[in-house]
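Comments concern the structure below.
Chains as they are written, first to last, in my numbering: chain A, 1 to 325; chain B, 326 to 557.
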């Protein structure tokens, strides 16, 4: 509600342009939001099944971005790719998703599974430890320099002009990010809703012991959930690198925090909630950058997190926590 | 079919099951009676492998499964109707049944036909979320879910708990029906009357020990048992 009033106010009294400017910001916000939504899904899936806030998730996405960068460099770089661009980008995504997925498996196996029956604070601290471990490993291996990703060089600076040359511009890169994220999300929803694994995942999330009584191996389901969530994070990492044109060892921190905000605002544990939350965070960030300024954008995003928590602690699409008796 | 031999189970330092001996023959209906905290549920958890005994062995279908995980035992032909049913409330009836046949790839047509014939209501309600059903309907789902895995041994943890008397009776009719189709059943109950009425044999458990066992008809007449459980 407040958001709507603010947007309306901003559009009407903006010193810059009118609706075109607003729509341009909206498009940019959707691109950003798609990335946040993918990260948020990883948070939400893991929280749904383990009730664990996996604070290492943003850094898993960062590793995904670096793996994508590695593939890009190995195959000739953005300016002189050795294979067709479509194949190269597909390679970057597939390798980054697999790499991040296996990293997620390893993190679960060695940092969380031994703490499965410990008090909930223990795996949370372990998660923070993993986050620092990943950040500093990358710092040690690749240094603190920014790496040039140059997604625009790779995919082209061109795009689609909606409503004439003075209208809204959507780069091909943006189109690719939105479509890619959408496909992954549709795939995830189908996976959770219709496959054997997806049903087992929901069963384990709801009641781990009862699921075990059906012959489901909860350890395997939890591990697979980590794989899927981390792979989505890896894809988000590559998209992040392509859109921002550069990465360094701390990109996972803020991106992870925004993804986490998106998951919580949407209702942590809820898959549609993570998607909605991601979109919302992306839009708010983009509007705030356009109408206020870049420095306060994060302030507005995290302010909304606090606001939603105060008014609707379970998040927009979350269900209130019921105490099981 | 099932044989517990000298089973000792602990929760931390607490000795729950003490040298437990229990047997269920193939096709037999056995009931395990006991009050609160007598170790009934722990016995079932030990049979399923959710808790591991410190000593003693669990033999199922001619094989020592003591060290085997729960999923192995389920795959080998155990199934359980847990205490309080433990349905997956946010999933549909159909999905709940499917989880019962998880190790059989979601169930064959015969499995579905068998369960839907036994419980026609479940077919009607298949798209409904399990959490929105009434207690009696939920009991049917729990039973159907267990039967989806074509069990050789059906474990039932307090099937009469939280149900109206008329539903308890109906429930035990169904248990008997399943029993007559050749499935061995181990019923854990506090309600001695109804369970002994349909059982072949019974055990009475007290603080983790078997204090009484024998044919159901004999137990029904037994002086101590009548005092302790039947209130006459």
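Note that beta-carbon positions come from the ideal geometry of N, C-alpha and C, so glycine has one too.
It should be emphasised that the depicted structure is a prediction, and the values quoted were computed from it without experimental measurement.
If the cut is a Cβ gap below 8 Å, which residues of chain A does residue 411/B touch? Around residue 411/B, the beta-carbon contacts reaching into chain A at under 8 Å are 207, 209, 210 and 213.
On the criterion of 16 or more Cβ atoms from any shown chain inside 10 Å, does residue 132/A qualify as buried, or is it exposed? Of the residues assessed, residue 132/A falls on the exposed side of the cut-off, its CB having fewer than 16 other CB atoms within 10 angstroms.
Assumed close pair residue 273/A, residue 318/A - CB separation to whole angstroms, cut-off 8 Å: Indeed, because the Cβ distance is near 6 Å, the residues count as touching under 8 Å.
Residue 486/B touches chain A at which residues, Cβ-Cβ below 9 Å? Per Cβ cutoff of 9 Å: no residues; residue 486/B is ~14 Å from chain A at best.
Residues bridged to residue 356/B by DSSP? Answer is 512/B and 527/B, bridged to residue 356/B.
Can you check the stretch 137-176 of chain A for any beta strand (DSSP E) of at least 3 residues that lies completely inside it and give the ranges in chain order? DSSP runs (the beta strand (DSSP E)) wholly in the stretch 137-176 of chain A: 159-162 and 168-171.
Cross-chain neighbours of residue 200/A in chain B, by beta carbon under 9 Å: By Cβ distance, chain B contributes 424 and 427.
Say whether chain B places a C-beta atom closer than 9 Å to the C-beta of residue 203/A. So yes, residue 203/A belongs to the interface.
Identify the residues that DSSP records as bridge partners of residue 334/B: which are they? Under the DSSP definition of a beta bridge, residue 334/B partners with 342/B.
Looking at the ligand GTP, does it come within less than 8 Å of residue 514/B, judged from the CB to the closest heavy atom? With respect to the ligand GTP, the structure offers nothing, as it holds no ligand at all.
Please say whether residue 267/A and residue 327/A have beta carbons closer to each other than 9 Å? Given a span of 1 to 325 for chain A in the structure shown, any question on residue 327/A remains unanswerable.
Output needed for residue 75/A: all residues of its chain with C-beta closer than 8 Å, excluding positions within five of it in sequence on either side, in chain order. The beta carbon of residue 75/A sits closer than 8 Å to those of 81, 82, 83, 88 and 91, all from its chain and outside the five residues before and after it, given in chain order.
I need the straight-line Cα distance from residue 239/A to residue 177/A, nearest angstrom please. Their Cα atoms are separated by approximately 6 Å.
Once the 5 residues before and after residue 328/B are set aside, which same chain residues still bring their CB inside 7 Å of it? Within the same chain, Cβ atoms closer than 7 Å to the Cβ of residue 328/B are found at 348 and 384, the five residues on either side in sequence being excluded.
Please report the distance separating the alpha-carbon of residue 102/A from that of residue 206/A. Straight-line measurement puts the Cα of residue 206/A at about 25 Å from the Cα of residue 102/A.
Return yes when the Cβ of residue 458/B is within less than 9 Å of the Cβ of residue 406/B, no when it is not. No, the Cβ-Cβ distance between residue 406/B and residue 458/B is not below 9 Å.
Less than 9 Å separating the beta-carbons of residue 115/A and residue 122/A? Their beta carbons are under 9 Å apart, which means residue 115/A touches residue 122/A by this criterion.
Here's the rule: buried if 16 or more other CB atoms are within 10 angstroms of the residue's CB, otherwise exposed. What is residue 199/A? Buried: at least 16 other Cβ atoms inside 10 Å.
Indicate whether the contact test is met: 3 or more Cβ pairs, each with one atom in the stretch 441-458 of chain B and one in the stretch 230-238 of chain A, closer than 8 Å. Too few Cβ pairs lie closer than 8 Å, so no.
Using a cut-off of 9 Å between C-beta atoms, extract the partners of residue 217/A located in chain B. Residues of chain B with a Cβ closer than 9 Å to the Cβ of residue 217/A are, in chain order, 394, 395 and 396.
Kindly identify the DSSP beta-bridge partner or partners of residue 246/A. Per DSSP, 148/A.
Spell out whether any CB of chain B is found under 9 Å from the CB atom of residue 196/A. Judged by the 9 Å Cβ criterion, residue 196/A is in contact with chain B.
From this set, 119/A, 196/A and 62/A, which residue's C-alpha is nearest residue 130/A's C-alpha? Comparing Cα-Cα distances from residue 130/A to each of 119/A, 196/A and 62/A, the minimum goes to 62/A.
Cross-strand partners of residue 403/B (DSSP beta bridge): Paired residue(s): 478/B.
Given a cut-off of 9 Å, decide if residue 241/A and residue 262/A are closer than it, judged by their beta-carbon atoms. A distance of 9 Å or more separates the beta carbons of residue 262/A and residue 241/A.
Taking residue 72/A as part of the alpha helix (DSSP H), name the residues at either end of that continuous run. Per DSSP, the unbroken alpha helix (DSSP H) holding residue 72/A starts and ends at 57-74.
Need the endpoints of the alpha helix (DSSP H) that residue 308/A sits in, please. In this chain, the alpha helix (DSSP H) harbouring residue 308/A covers 294-311.
Taking only beta carbons into account, state which residues of the stretch 359-392 of chain B come closer than 7 Å to chain A, listed in chain order. Against chain A - using a Cβ distance shorter than 7 Å - the residues of the stretch 359-392 of chain B are 373 and 375.
Quick one: grab the DSSP three-state call for residue 450/B. When secondary structure is reduced to three states using DSSP, residue 450/B falls in the coil class, being assigned neither helix nor strand.
Could you tell me the alpha carbon to alpha carbon distance between residue 324/A and residue 456/B, rounded to whole angstroms? Residue placement at residue 324/A cannot be trusted, given a pLDDT of 47 that sits under 50; the coordinates are not used to answer.
Residue 389/B - partner residues in DSSP beta bridges: In the DSSP output, where bridge partners are listed per residue, residue 389/B has 384/B.
Taking residue 395/B and residue 373/B to be in contact with their CB atoms under 8 Å, please state how far apart those CB atoms are, rounded to whole angstroms. Residue 395/B to residue 373/B, Cβ: 5 Å. Contact.
Give the single residue among 167/A, 252/A and 218/A whose Cα lies nearest to the Cα of residue 21/A. For the residues 167/A, 252/A and 218/A, the minimum Cα distance to residue 21/A belongs to 167/A.
Which partner residues does residue 329/B have in the DSSP bridge list? In the DSSP output, where bridge partners are listed per residue, residue 329/B has 347/B and 383/B.
With distance defined between alpha-carbon atoms, name the residue in 299/A, 210/A, 233/A and 253/A nearest to residue 185/A. Of the listed residues, the one whose Cα sits closest to residue 185/A is 233/A.
Do you know how far the Cα of residue 418/B is from the Cα of residue 436/B? Between the alpha carbons of residue 436/B and residue 418/B lies a gap of roughly 15 Å.
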